[in-house]
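Here's the structure we're looking at; comments come further down.
Protein chains: 2
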Amino acid sequence: MIPLLEESRGLGRDLQRILRPDQISFLSPDRLSYGRDSSSKSILWARSREIKYPPDAVVWPESAEEVARVLAFANARGIPVIPFGGGSGVCGGTWALRGGIALDLKRMDRIVKIDAAEMNVRVQSGINGEIFERELNRRGFTLGHFPSSIYVATVGGYLACRSAGQFSSQYGKIEDMVEAVEVVLADGEILRLGTVADSPGVLDAKELFVGSEGTLGVLTEATLKVHPQPETDSYLGFSFPTLEAGWEAIRGLLQAEVFPCVARLYDKLDSRIAASHRNQKAGVSIMKSLGGALHPLAHFVKDRSLKLALKRPRWLQRALDALPGDCLLILGFQGLKALVPAQAALAARICAEHQGKALGEGPGRHWLKNRYSVNYKLSPLFDEGYFADTMEVAATWKHLPKLYRAVREAIGEHALVMAHFSHAYPEGCSIYFTFIGHRESEEASEKLYDRIWREALAACVAAGGTISHHHGVGVLKAAFMPQEWGEAMAWLKKVKRRLDPANILNPGKLGFET
Amino acid sequence: MIPLLEESRGLGRDLQRILRPDQISFLSPDRLSYGRDSSSKSILWARSREIKYPPDAVVWPESAEEVARVLAFANARGIPVIPFGGGSGVCGGTWALRGGIALDLKRMDRIVKIDAAEMNVRVQSGINGEIFERELNRRGFTLGHFPSSIYVATVGGYLACRSAGQFSSQYGKIEDMVEAVEVVLADGEILRLGTVADSPGVLDAKELFVGSEGTLGVLTEATLKVHPQPETDSYLGFSFPTLEAGWEAIRGLLQAEVFPCVARLYDKLDSRIAASHRNQKAGVSIMKSLGGALHPLAHFVKDRSLKLALKRPRWLQRALDALPGDCLLILGFQGLKALVPAQAALAARICAEHQGKALGEGPGRHWLKNRYSVNYKLSPLFDEGYFADTMEVAATWKHLPKLYRAVREAIGEHALVMAHFSHAYPEGCSIYFTFIGHRESEEASEKLYDRIWREALAACVAAGGTISHHHGVGVLKAAFMPQEWGEAMAWLKKVKRRLDPANILNPGKLGFET
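Residue numbers (my numbering), protein chains in the order written: chain V, 3 to 516; chain Y, 3 to 516.
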């Protein structure tokens, strides 16, 4: 049994005045489950049998009114409330840093209304992403939002950290899909923000809550745009001699206003992994992929020797960089039969102009089929004694080369690093780094891991990048918020203090005080 | 000489500590010029030689720092500050309801940087819309924002009331183009909001200022997306037997994700005016157009008899409704040569499916050529003793028929009314009503005019519409903000009080206290 915080004694009695007994738990297994997320830190802690930040209680409200009652109560008592969706976050955004109440919204999972006339859907925030998408599909629609966490995450989680799906180049990020929200404020007031026809002549206050990671209010419902299911799709693969040629092709495409649904460019090492994965059976482990990717070095980087090699990641990285290899680009188009072939033809022309060699449909189709599987491949690495994580930063095109080099350099000092570019816009692109390291103990791993994050994010900021593209900020990136926001951070903190004077809403996240 | 308000005596001396003498004016002609906008009320007042809400002083700051100094000074003294751009507003958004300082931003008109790599432009908010667009064109870009006020309005004005351009179906409204802003708060603090790559993982605080009509801060700079100039365009005209058939065609188009740059559907009377205009030389007056449109009734609705007929507008309207006639739809497509013909062909098919009869390129090309001229045709009507105005409301598709009928009915009680539908989205559409009335005196006209607005907006709200699409709220629509925002209005007022405790920022606008 984990001890309760002093101020939480008597919480059970008080909460039972607000909710039914089956909506409240103080049990250790529940508190442990809600004390972690899908971050690598949580995995490391779980492996060393330590859950650092368990909440004191877990509650399962079933309506906005119940959420309001919990908040009003917690606000009066100064007890932290941590909104919780699928637990798929990777930045510590749901860690209960000061204990308090984990507010699980998963019982609020109703699709209130799918409106074919308005092409939108009103949905409660606790619904699971994949279940939601399937229900929309059944009615002929799609949300167009496919994060790799779709099987785990909830709509509320999408909104809380401005999630991006794999087809973001066509459908935008989740914030581009929101027409209206229902949000419960710290004092229990319920606001409905957003007006009809997505075209109010006045300011858009809902944008203050979307992306606030539960620090300014709890989102309980949203009205989201939906789209017709595409008539057809087309996938193209290209190999580029350099990463630069590849991203210039993507930039050329988007700035000419040819919008793919997906554009994924892999650096050399990540291209090897992707290729190796394609050449093997589905279900292959990253370790095996890595083995394949490292084939030319296979005599010394067998599974065991990799651990050895990771003691000198810089050396390993240089050896891999010296190998010949190309960069893979996958482009997808979907939509109307009358437009998709023309878009694909334009894209092929632009890629050819940038030295892209056509590879056919294969790589794209393979990616499409396996696009969610990577998510479940990090955790097994920990079982083999490694640690690994992903880091998504972004920059405008101009800063992209510098950003790629700087972050790669910073991580490369301590771990093997690869990257792909999977969310592109006319003005810039995000970079998704994956890194793998090794230390003998969990403790040593965590120490090195923290150092990697610290140094990589510092490099990101120095290179003119933004520290977060779609994973949110949580705890992991919080220290860099002042650099990201500049003088506006002090103003943002003032807004937080005024909207949540008792600081009960998910304290310590987004750079706000714990 | 208009008398100064008591608290403004000594203002000159104080302002000269902040700005140069040539940046300050207390002259009556200046105060009169800045006491009005382009609203019909301002025209009526000017005709009866009355400027109701002149500021006490006009200042022309030349930098964000100077704006900050003016605001800090005004904040300490409790003097209202009214940001002023081109004066093209039509809702009283710049009337100095409590006197104070008109803050003209037109000297802050610099294009700071056009960035081809990022496809964006950093620009000061006082720049004129047309000058800005031409400079972008010279560099091969377009903003894609073409409000009919483009020759008069400024970028700051666009942002202040969430302006929509004529090509909004392709490029979005101005708020969709903003990547970052610089805003000066009531106390003089300068904030820069918005991060690199348009993809911050965190909340978007700039949306609180875009559309706030200067009530929460003064926008001094913005970074806006730009687009390549289109390779080609295509215009199509269709006539529909009913308005319903026409908007179903537009809805079908957008919901199938075929996006025109422009979709303009005119109701029967507005179609007649458009047709009559096309059949005459350029420069024709609305009165003559109206004569042409009313041709079948011409024996009694000559220019003079129209005044007589407008005594019984309901009767006139019914007679016109009984005439045979079609509804004109203009569709435009622009962009890549490889895509535009396919889009136009899809559009033609969808229109045919909704009983649309193809009219060729003519109507669209004519509209394109004359698309800004309507703006200058309301004022001459006042010279002939009429009063006229436009009112833009919006609704989701489902509410659109009810909204059209209700507002038309409400206005039709007092004036001749016509409408077109010029900003369509997958979820809904705006309706742009034009009305013409007549009373013998300016005083009687204004009284009737106020009644029309009151009753039409009440009808709009009752029909599930939103009171503003792109003209903002200002004073004219302020009374209906509580209905529009519901319980969130009280919260919004709280935010206003906290951001501007002395209530100096454009008081009385957007439904806030005067």
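Beta carbons are placed, not taken as given, at the ideal position from N, Cα and C, and that holds for glycine.
- Using a Cβ-Cβ cut-off of 8 Å, state whether T516/Y counts as contacting chain V. no
- Cβ-Cβ separation, T468/Y to E489/Y (assumed contact under 8 Å), whole Å: With a Cβ gap of about 17 Å, E489/Y and T468/Y do not count as contacting.
- Bridge-paired residues (DSSP) for G352/Y: Here residue 352/Y is Ile; the residue named in the question, Gly, does not match the sequence. Paired residue(s): none; I352/Y is not in a bridge.
- Taking Cβ-Cβ distances shorter than 7 Å, what residues in chain V pair up with R407/Y? Residues of chain V passing the Cβ test: none, with the nearest at roughly 17 Å.
- Item | Short Cβ contact (8 Å threshold) for R38/V with S44/V | yes
- Query: What runs of the alpha helix (DSSP H), each 4 residues or longer, lie entirely inside the region 5-47 of chain Y?
  - Reply: 13-17 and 30-35
- Message: Checking 8 Å against the spacing of the C-beta atoms, do G94/V and V477/V come in under that value?
- Response: yes
- Rounded C-alpha distance that separates R15/Y from V125/Y: 32 Å
- Task: Would you mind stating whether F169/Y and V228/Y have Cβ atoms separated by less than 8 Å?
- Result: no
- Starting from the C-beta of A504/V, find all residues in its chain whose C-beta is less than 6 Å away, skip the five residues before and the five after it, and write them out in chain order. N77 and G80
- Message: Residues in the same chain with beta-carbon distance under 8 Å from F435/V, minus the five sequence neighbours each way, listed in chain order, please.
- Response: T392, M393, E394, V395, V409, R410, I413, V419, M420, A421 and A458
- Message: Within 8 Å of any Cβ in chain Y, is that where the Cβ of N122/V sits?
- Response: yes
- Message: On the criterion of 16 or more Cβ atoms from any shown chain inside 10 Å, does Q18/V qualify as buried, or is it exposed?
- Response: exposed
- Could you tell me which residues DSSP pairs with E394/V in its beta bridges? Y434/V
- Task: Could you tell me whether the Cβ of L341/V comes closer than 8 Å to any Cβ of chain B?
- Result: Absent from the structure is chain B; the protein chains it does hold are V and Y.
- Alpha-carbon to alpha-carbon, A446/V and G439/V: 11 Å
- Task: Measure from the C-beta of W455/V to each C-beta in chain Y and report whether the shortest distance is under 8 Å.
- Result: no
- Query: Where does L361/V sit, in a helix, a strand or coil, going by DSSP?
  - Reply: strand
- Item | Residue(s) in a DSSP beta bridge with S236/Y | F335/Y
- Just grab the DSSP bridge partners of K227/Y for me. N122/Y
- Can you list the alpha helix (DSSP H) stretches of 4 or more residues lying completely in the region 86-122 of chain Y, in chain order? none
- Task: Taking G488/V as the query, report the chain Y residues whose CB atoms sit under 8 Å from its CB, ordered along the chain.
- Result: R194
- Between the C-alpha atoms of L380/Y and I133/V, what's the straight-line distance to the nearest angstrom? 54 Å
- Message: Taking 8 Å as the threshold (beta carbon to beta carbon), is H422/V in contact with chain Y?
- Response: no
- Spatial neighbours of S241/V in its chain, beta-carbon cut-off 8 Å, leaving aside the 5 residues before and after: S273, D328, C329, L330, L331, G358, K359 and L361
- Query: Under the DSSP definition of a beta bridge, which residues are partnered with N130/Y?
  - Reply: T156/Y
- Query: For A426/V, which residues of its own chain have a beta-carbon under 7 Å away from its beta-carbon, when the five flanking residues on both sides are left out?
  - Reply: S171, I252, L256 and A265
- Query: Helix, strand or coil: which one does DSSP assign to S241/V?
  - Reply: strand
- Query: Which residues in the same chain as A1/V place their Cβ atom closer than 6 Å to its Cβ, once the five residues preceding and following it in sequence are excluded?
  - Reply: Nothing can be reported for residue 1/V: it is not among the residues displayed for chain V, which extend from 3 to 516.
- Item | For Y388/V, the three-state DSSP class (helix, strand or coil) | strand
- Item | S432/Y versus H401/Y, E444/Y, Y451/Y and R453/Y, residue with shortest Cα-Cα distance | H401/Y
- Item | Spatially closest choice to Q336/Y from A390/Y, T234/Y, E386/Y and R314/Y, by CA coordinates | T234/Y
- Message: Just checking: is the beta-carbon of E1/V within a distance shorter than 8 Å of some beta-carbon in chain Y?
- Response: For residue 1/V there is no data in the structure shown, the boundaries of chain V being 3 and 516.
- Message: Against S214/Y, what residues of chain V qualify as contacts under a CB-to-CB distance less than 7 Å, listed in chain order?
- Response: L205
- Which bits of chain Y does K400/V rub up against, with CB to CB less than 8 Å? D117, A119 and E120
- Run down chain Y in chain order and give the residues with a C-beta less than 8 Å from the C-beta of G337/V. E259
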